[in-house]
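Quick mapping for you: the protein sequence lines, in order, are chains A, B, C, D and E.
Using my numbering, you'd call the opening residue of the first sequence number 530 and step up by one each time.
Using my numbering, you'd call the opening residue of the second sequence number 29 and step up by one each time.
Using my numbering, you'd call the opening residue of the third sequence number 5 and step up by one each time.
Using my numbering, you'd call the opening residue of the fourth sequence number 42 and step up by one each time.
Using my numbering, you'd call the opening residue of the fifth sequence number 189 and step up by one each time.
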Amino acid sequence: MIQNIVDGFLVGSILSLGAIGLTMAMHMLRFANFSHAELLSVGAYAALVFDALFSALLPVIDAAIGPLSLTWALTLATLVSMVITGLSAILIDKLVFKRVRAKGGELSMVFASFGVAMIIRNILGLIFGLDPVLYSQEIVFAIVVSREPFLLVKPDQVFTLIAALVIMFILHLVLSRTTFGYSLRAVAENPTLAQVSGINLNRMIVLIWLIGGGLAAAAGVFYGLTNQINPVLGRDLVLPIFAATIVGGIGSIYGAVLGGFLVGLASNLALVILPSGYSPAVPFLIILAVLVIRPHGLFGEERA
Amino acid sequence: MIGVLSYLIFFATVASILSIAVLGLNLQWGNTGLFNGGVVAFFGAGAYGTLILGGIPQDGLIGGFQLPYLIALFGGMVIAGIVAWVVGLLTLRLRHDYLAIATFGVAVAFENLVRNAAILGGAQGIRGFERPLRDLFESALAYNAAFFVFVLTLLILTYLFLERLIASPFGRLLRAIREDETAAQSLGKSPSRVRLTAFIAGSVIMGLAGGLYATFYAFISPQDVLPILTFQIWAMLIVGGAGNNKGAVMGTFLIWAAWTASGWALSRFAPLEVQLYTGSIQFVLIGFVIVGMLMWRPQGLFPEKLVVSQSAAAKR
Amino acid sequence: MAEPILSIRNVTRDFGEFRAVDDVSIDIQTGTITGLIGPNGAGKTTLFNVLTGMLPPTSGTVHLDGQDVTRFRPDALFAMGLGRTFQIPRPFAKMSVLENVMLAPLAQSGERLWGPFFQSGKMRDQEAAIRRRAMEVLDFVTLAPLADNAAGQISGGQMKLLELARILMGDPKLILLDEPAAGVNPTLTKTLIEKIEELNRDGKTFVIIEHDMDFVMQHCDPVIALAEGRKVFEGRAEEAQSNTVLLDAYLGAQVE
Amino acid sequence: MTALVARNVVAGYVPDLPILKGVSVTAETAKVTVIIGPNGAGKSTLIKAMAGLVPVSGGSVHLNGTEITNPRPDRMGALGVAYVPQSDNIFRSLTIRQNLDLVLRNAGAEAADRRESLFTQFPALADKQSERAGALSGGQRQFLAVAMALAINPSVILMDEPSAGLSPKAAQEVLEYAKSLTEEGVTILLVEQNVKQALRLADHCYILADGRNQVEGPAHELLNDPVVGQIYLGGKRVAPA
Amino acid sequence: AAQDCTTKIGAVLPTSVDWGKPIAATAQYAVDIANETGGVAGCQIEMVLRDTQVDPKVGVDAAKALVDLDGVQLLLGAVSSGVSMPILTSVTVPAGVMQMSCCSSSTAFTRLAEEGKTNGLFFRTFATSGVQAAVGAMVARDAGYESIAVFYKNDDWGQDIGGLIAKDFEALGIEVTAQIAINDAQASYRAEVTEALKGNPQAIYMALYPDEGTQVVREWISLGGTQNMIAANALKSDEFKENVGMEFLGSFIGTDTASPRTDSASAFVDAYTARFDGPPSGPGLPNSFDATMIALLAMHAAGEGATGTDIAAKVGAITDPNGTPVTADATGFAQAKEVLDGGGTVSYQGATGNVQFDANGDVSAPAVTWVFGADGIEEQKYISLTEVNDFMNSLQ
Ligand SMILES: Nc1ncnc2c1ncn2[C@@H]1O[C@H](COP(=O)(O)OP(=O)(O)OP(=O)(O)O)[C@@H](O)[C@H]1O
Ligand SMILES: Nc1ncnc2c1ncn2[C@@H]1O[C@H](COP(=O)(O)OP(=O)(O)OP(=O)(O)O)[C@@H](O)[C@H]1O
Ligand SMILES: [Mg+2]
Ligand SMILES: [Mg+2]
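#1: Rank Ser617(A), Leu568(A), Leu659(A) by C-alpha distance to the C-alpha of serine 204(E) and give the top, closest one.
#2: Can you look up tyrosine 393(E) in the DSSP assignment and give me helix, strand or coil?
#3: For ligand 2, I want to know if alanine 82(D) counts as a neighbour, meaning its beta carbon is within less than 8 Å of at least one of the ligand's heavy atoms.
#4: With DSSP as the reference, identify every bridge partner of histidine 283(D), one or two as the case may be.
#5: Got a sec: which bits of the stretch 176-199 of chain D sit with their beta carbon under 9 Å from any beta carbon on chain C, in order along the chain?
#6: Where does serine 214(B) land, buried or exposed, given buried means 16+ other C-beta within 10 angstroms?
#7: Sorted by chain position, which residues of the same chain lie with C-beta nearer than 6 Å to valine 243(D)'s C-beta, five sequence neighbours on each side aside?
#8: Name the one or two DSSP bridge partners that valine 673(A) has.
#9: State the DSSP-derived secondary structure class of threonine 50(C), mapped to helix, strand or coil.
#10: Am I right that alanine 190(D) and alanine 123(D) are in contact with their C-beta atoms under 8 Å? What's the rounded C-beta distance?
#11: Near asparagine 581(E), what residues of its chain come up, given a Cβ to Cβ distance below 8 Å and the 5 sequence neighbours on each side ignored?
#12: Quick check on isoleucine 531(A): buried or exposed, where buried means 16 or more other Cβ atoms within 10 Å of its Cβ?
#13: Note down the Cα distance separating isoleucine 565(E) from proline 471(E), rounded to an integer number of angstroms.
#14: State the beta-bridge partners of glycine 239(C) as determined by DSSP.
#15: Please tell me whether isoleucine 349(E) and cysteine 291(E) are closer than 9 Å, where the distance is taken between their beta carbons.
#16: Between which two residues does the beta strand (DSSP E) carrying lysine 199(C) extend?
#17: What in chain D is Cβ-close to tyrosine 783(A), meaning under 7 Å?
#18: Around the Cβ of proline 760(A), are there at least 16 other Cβ atoms within 10 angstroms (buried) or fewer (exposed)?
#19: Of all the options Arg238(E), Thr507(E), Asn475(E), which has the alpha carbon lying nearest to the alpha carbon of valine 527(E)?
#20: Looking only at C-alpha atoms, which of Leu263(E), Leu473(E), Lys196(E), Tyr460(E) sits nearest to glutamate 518(E)?
#21: Using a beta-carbon distance cut-off of less than 9 Å, what residues from the stretch 120-133 of chain C approach chain B?
#22: Checking contacts by CB at 9 Å: is tyrosine 290(D) closer than that to chain A?
#23: If you draw a straight line from the C-alpha of aspartate 249(E) to the C-alpha of leucine 262(E), how long is it?
#24: Near proline 509(E), what residues of its chain come up, given a Cβ to Cβ distance below 8 Å and the 5 sequence neighbours on each side ignored?
#25: When the Cα atoms are used, what is the spatial distance from glycine 291(B) to glutamate 301(B)?
#26: Would you call glutamate 718(A) buried or exposed, if buried means 16 or more other Cβ atoms sit within 10 Å of its Cβ?
#27: Have a look at alanine 280(D) and aspartate 266(D) and give me their C-alpha separation to the nearest angstrom.
#28: Please list the partners that asparagine 342(E) has in chain H, where partner means a Cβ-to-Cβ separation under 7 Å.
#29: Report back the beta-carbon spacing between leucine 142(C) and valine 101(C) to the nearest angstrom; my notes put them in contact at under 8 Å.
#30: According to the neighbour-count rule (16 or more other Cβ atoms, all chains shown, within 10 Å of its Cβ), is tyrosine 54(D) buried or exposed?
#31: Ignoring anything shorter than 3 residues or poking outside the stretch 211-298 of chain E, list the beta strand (DSSP E) runs there in chain order.
#32: From the DSSP output, in three-state form, read off histidine 67(C) for me.
#33: With distance defined between alpha-carbon atoms, name the residue in Lys84(D), Met200(D), Arg241(D) nearest to isoleucine 229(D).
#34: What are the partner residues of valine 211(C), as DSSP defines its beta bridges?
#35: What do you get for tryptophan 118(C), buried or exposed, if any count of 16 or more other CB atoms within 10 angstroms of its CB means buried?
#36: Between which residues of its own chain and isoleucine 171(C) is the CB-CB distance below 8 Å, once the five residues before and five after are set aside?
Structure, rendered in structure tokens:
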């Protein structure tokens, strides 16, 4: 039980990172972006490429940091990947979403995002092959934190959790201390009035994608670090991330964080509740229960 | 030549069956604004229901009642309706994305149930359905043609039913509730009742499609009720034009044709080395078709018209 | 005195700490046009929301025709003859103006799932009649030329007119109007008033929130004023004009 | 001096269906100009066209002698033009203070100072400054919208029915406040249905109908013009102030 | 004598899935071998490959198009039983086309055949799961494990084998501490692994594919789980070996239904290695190869213009235990054609052994255990058909 709960948090931190970007884009651009999870894949692969590049150029930095399987090279690669993924998100918006947005309704965007997801996923498959790859073949052993109750924790996961929390805290500062935070909500609620109030809509959109893409890349790398990387990584993560966003309430950053942890917990507690075959359904059933009680998610607001 | 005909009939049958499901979704989304993310649950309920009622008995499996085909089909629709009723009571308070994810969860749970419950066939699915009236026909082709006529008839009936329904004051009510529930309620309408009615009606239609699908293949398994089907059905509706029944049917044929033809074209024209990658390439192509469609005509092929109810329009 | 059509007893409505409506009791007599005035934020709209079942009161009761209807749902109340318009219009944006209006009548046989199939004759007759009336109503509020326009694409004032048209079409016996004239051109306002008076003569009861003092003073009796959630005045219009509290807090120096 | 000029403006929401069929309006510097007309005349459309929210397909818009036809809406503030929309003119999900801060910061102004002075001008808002604007009454919203426009210290203010929904006292206050701004050199262009009050305050008036200029003249003249009164002012002559 | 004619055969395989692509490549490889020897019944073979996307609708449509538009009389595929089954019931049986699946394991096919509904048109080179389950249990017994946790892929194959082996373990008195279904496409299998760890088993059994198998095992080991592992053939994959690491696979034992100790199996491995720059790794590759070879030989035996029914009728002539043994390569293929042209029968010694179909189109096969060695997969122990059968009977 305790183990499941701790695991839930560790897995949840990755989902939270993914969900933050998604909730921002969903709120501001008013559409459920099913291609968001593909940004995690893009990020994970970009980091993979740069990791290899940096390690080759500067073999010294290809050393694991402390007990982690993370290397300095990969850390650097992750930062680069965050930027690249953010830029890719902007590019995708320019090429596709911007045009659809100009003409179509909410649902057009949703389905365009489905199409985009399909394209990205399969192009990644064509480039990198369908087989899973790993940042490090090494298996890092979990550390026994306590014997009674028995509790195992992997260093990588703890790092991921801490890194995710740090990133979220930084984001929190940005959103609560800068006009950007208000502007975000303003654009979400009423783009026309936001423009009239002096907000540059295009710049906001670019920023959203940059942040969302960056966070997605971090989440993708963290996921790869604790699991494995393959082109369908996005497909496997899209639902948990969505669920986290929805449960937290669209538009709420804090909701997304909480939602991520909740979904992580639910997936990890699923087996305690039901036979293993049913585990995919459990997070959704919990979401259903949350929504029946709070129809707009934990922190969501009704949208007029 | 016979081959081409035979294939076309086959293709048209599948597309017609899917069209029926898309029409059901159109009633829910296009006309009522219910974002049903769990289409497969209702499609699947109809499919499993029909095979359980109309199939042959098998060891360890529930059902196999061998009911006459039409009764089994109807039974499947009823089962889909019951599922929709329960789901609707739980979820119809939700809006937009929230409803979508909740119903999606229902679909995942449904797939999980049929995958894991041995009495429902588990991952192996349910087989052994005897095709009705098969013996009356000489050849498989003739039988397929006859079955196609049957499906087409049901498609036309569904289409006419929905056209008439949405042109009626009921349709007006649906659209009003889609637009602004509070305002509709202040005009004496009961949104919760209307939403539930539309949700059940749409799901029953999906259940019909499911029943036809399962009996056409004489087989159903959890693999038939994966989320991809929900996505396909939605894509068909969006490309065709939500809110427009003609668009829904056209969209279905178009998307299904694109889906299958891209595979066919690649197998035909792509060089051998590439063929092993056709799977990925095909998905990329389909992705481009959908994205391109939405960029070119985001309202769908046939956008929703502003309609005034039928009798009113007639007098204009 | 005859039994009031609407009887509001000690209604209070809180939003968290804030008390928007504070222990208000009002009787609305059948056949009157009651004017409800008060400064911005006085709680007028909130009171309407409570009366029509959109918000539950924190305490207090509402009786319609002697029946306790506190916490009834809006659609049930409408069916009982209580209708309202919204201060900020709520058109069905993607439906035509005509459809917006045609939606309003109650108990349309075509509004049931099977109506179009098993009662189609009846339905068609009903529809034709409804449509005829809808066009009359639209004609009256000057929206007839826009009958086929999407209701979301008409001007702000036109939306207010559409609100009114819808409620006229729905034909409840007690109508609550929330600032029907705000944003409406004065010439048209005059026509509206005439129509309201005509309907009133035919037996309909009105409660009208309005800031247009000409309107209130000349056509409303009684006038009730709210301020900070409380009822601060109830009486005839002339009395209102000489009420110093009202003059100060609400009317300003500008009354003619 | 003319601050804002619309010359033969043709504009509409969809291509090939102009709502404005060549409208000309001039707002003199430091004066109140009012536009009135029946519902659906195109008044709001005109203001939106000037603010860059509706594409102008013919004619031109000039600000202080410079052509600004089809400006980017988010740049208007920087040009010193504020705009108060007729509806949906506040951010309901933000608090009142956040609503103001948003505009203030985007204008690059020193936020806290200006905010306090705005609150003294609109005490009703000060009391509720940390509540969500969605909870405001109809009239309170209108105050907030005007306050947001003033926040950027504009030299020209476009107002679309600022007094709609306000109590007579409050309406009077808002309009008089607008008038008082002209003394500081601010130009006001106003759309109003609250015709009497507006005309009493305004310097110049345009009447639009059906997307075209109908009548134009000094406000007090139109107020007393019997024909205009009959057709546009509800047929009732009102005594001059 | 090579002529200027081509005969088309169809293949419906999930090429858009990681493990599906090599299966298709292997089938194509077999076709290439046949063409090298001058083709089949005098004509070159063109394999038209269609992706099923693991979607039954798509797979059935592809099959129908191949049958109707390309006029194929032989269809290879599909992999998932959930796709093969509707193809069988709604395309190949009605059209009288022979269907040969490499990898569909569902027992539903056997029952369908027993009911006489396959018209003898269906074959598969994938042995029913009973054999593998039994051998897995045998390995556990021989290793002396007393408790074991079972991970199974939650599809028809996994459910089947997972259920069977649990029964076998119990029959042998080995405690099954947990039976954990591993669902497809899940973000993380941490919870599943944690659940299995609770029972503190001495070993784990896995009926998993490499993708989720790798994730599960890495998780399992990092959480300190035992390195005693038994796995079904699907984990026979280099990718699995590399991503887990040899240091943890020391006591890993795999099972497979495999070749008798003929040279043919290793010949296949060698030939495959030469062709693809690496040994066959990943599920279903030998099966796919044999499925294709047998089907092509049957096609040859049936002669030019043969219908599906004709071809199906000739399958027995290829897998005749009393026929001339032929190897699974170009030489063998050419030799087999000669024998068949002369009216004889052959005993095809394939990558999965000398395959024999029973009346339902099923194969039963001897078994083998294997381990990961320094340079790939090494066969450990051969368990003959009789041994397997005796052991299975002892479990009843
Ligand atoms: N949903 C809400 N949550 C919190 N406070 C609210 C809510 N709705 C209204 N209020 C507050 O209740 C008070 C009364 O609002 P109401 O809308 O009833 O005023 P009103 O009398 O209609 O004013 P106006 O003439 O300006 O429309 C206001 O101060 C408002 O801020
Ligand atoms: N968003 C829109 N899309 C399309 N047409 C519109 C839209 N908004 C308004 N119109 C059309 O433009 C015309 C003029 O509208 P506008 O809002 O400018 O009127 P107005 O003069 O401001 O009226 P009011 O006094 O009622 O606010 C209306 O008749 C309407 O049909
Ligand atoms: Mg109000
Ligand atoms: Mg206007």
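We treat Cβ as the ideally placed atom computed from N, Cα and C, and that holds for glycine.
If we stick to the structure as given:
#1: Per the C-alpha coordinates, the member of Ser617(A), Leu568(A), Leu659(A) positioned closest to serine 204(E) is Leu659(A).
#2: In the three-state reduction of the DSSP assignment, tyrosine 393(E) falls in the strand class, which pools E and B.
#3: Alanine 82(D) Cβ: within cutoff of ligand 2.
#4: The first residue shown for chain D is 42 and the last is 282, placing residue 283(D) beyond what the model contains.
#5: Here the close residues are Ala176, Leu177, Ser178, Gly179, Gly180, Gln181, Arg182, Gln183, Phe184.
#6: With a 10 Å radius around the Cβ and a threshold of 16 neighbouring Cβ atoms, serine 214(B) comes out buried.
#7: Checking the displayed sequence, the identity of residue 243(D) turns out to be alanine instead of valine. Within the same chain, alanine 243(D) has close Cβ partners Val73, Val75, Ala260.
#8: Beta-bridge pairing by DSSP links valine 673(A) to Leu681(A).
#9: In the three-state scheme derived from DSSP, where H, G and I count as helix and E and B as strand, threonine 50(C) is classed as helix.
#10: Right, the Cβ-Cβ distance comes to about 4 Å (below 8 Å), so this counts as a contact.
#11: Answer for asparagine 581(E): no residue qualifies.
#12: The Cβ neighbour count for isoleucine 531(A), taken over all protein chains shown within 10 Å, is under 16; the residue is labelled exposed.
#13: Separation of isoleucine 565(E) and proline 471(E) (C-alpha to C-alpha, rounded to the nearest whole angstrom) is 13 Å.
#14: In the DSSP output, where bridge partners are listed per residue, glycine 239(C) has Val227(C).
#15: It is not a contact, given that the beta carbons lie outside the stated cut-off.
#16: For lysine 199(C), there is no enclosing beta strand (DSSP E); the enclosing alpha helix (DSSP H) covers residues 190-205.
#17: Neighbours of tyrosine 783(A) on chain D: none; closest Cβ ~15 Å, over 7 Å.
#18: By the neighbour-count criterion, in which 16 or more other beta carbons inside 10 Å mark a residue as buried, proline 760(A) falls on the buried side.
#19: Nearest of Arg238(E), Thr507(E), Asn475(E) to valine 527(E), Cα basis: Thr507(E).
#20: Checking the sequence, you will find alanine at residue 518(E) rather than glutamate. With distances taken between Cα atoms, alanine 518(E) lies closest to Tyr460(E).
#21: Only those residues of the stretch 120-133 of chain C whose C-beta falls short of 9 Å from the nearest C-beta of chain B are listed: Pro120, Phe121, Ser124, Met127, Arg128, Asp129, Gln130, Glu131, Ala132.
#22: With chain D represented from 42 up to 282, any question about residue 290(D) goes unanswered, as that position is not in the structure.
#23: Using only the alpha carbons, I get a separation of about 16 Å.
#24: Cβ neighbours of proline 509(E) beyond the five flanking positions: Ser535, Asn542, Gln544.
#25: Approximately 15 Å, taken between the alpha carbons.
#26: Glutamate 718(A) should be labelled buried.
#27: With a pLDDT of 37 at alanine 280(D), under the threshold of 50, the predicted position of this residue should be treated as unreliable, though the coordinate-derived value follows. Looking at the two C-alpha atoms, the distance is approximately 12 Å.
#28: Among the protein chains in the structure shown, which are A, B, C, D and E, there is no chain H.
#29: 7 Å between Cβ atoms; contact.
#30: With fewer than 16 other Cβ atoms within 10 Å, it is exposed.
#31: Runs found: 232-239, 262-265, 286-289.
#32: In the structure shown, histidine 67(C) falls within a strand segment according to DSSP collapsed to helix, strand and coil.
#33: Comparing alpha carbon positions, the residue from Lys84(D), Met200(D), Arg241(D) closest to isoleucine 229(D) is Met200(D).
#34: BP columns for valine 211(C) point to Thr38(C), Leu180(C).
#35: Flag for tryptophan 118(C) reads exposed.
#36: Cβ neighbours of isoleucine 171(C) beyond the five flanking positions: Gly87, Arg88, Thr89, Ala108, Ile179, Leu181.
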